[in-house]
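Numbering (the working numbering), first residue to last: 15 to 135.
Built from N, CA and C at the ideal position, the CB exists for glycine as well.
Quantities reported herein were computed from a predicted structural model and do not represent experimental measurements.
Below you'll find the structure, written out as structure tokens, and then a few comments.
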């Protein structure tokens, strides 16, 4: 490749671009294609979320209840008096200390899921 000497005495190979031109090109490219990159990023984030998947065959919220059976999810501050009266209940707390519980109430062939705290925080 042909070489030439710039004003500062640096050798520059023909066919290369300066860092400034490269940065300007990349910035312009990203600005023009921002929505395409953002949409792909957003789709990947949504794909990785699996608490309640959109696929009807999966279960949700750590239960064995299929998503297609769930008609609503409600939040409450306190536990009911006796969780054992419900067909299904389970711990959904981050620490596994039963400070947040979920229970399912049957409505025909469907379920309403209730998530409740112990009322201490």
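For residue 41, the enclosing alpha helix (DSSP H) covers residues 33-46. With contacts defined by Cβ atoms closer than 9 Å, residue 113 and residue 132 form a contacting pair. Between the C-alpha atoms of residue 55 and residue 47 there is a straight-line separation of about 12 Å. Straight-line measurement puts the Cα of residue 129 at about 6 Å from the Cα of residue 90. Residue 93 and residue 102 have their C-alpha atoms spaced approximately 14 Å apart.
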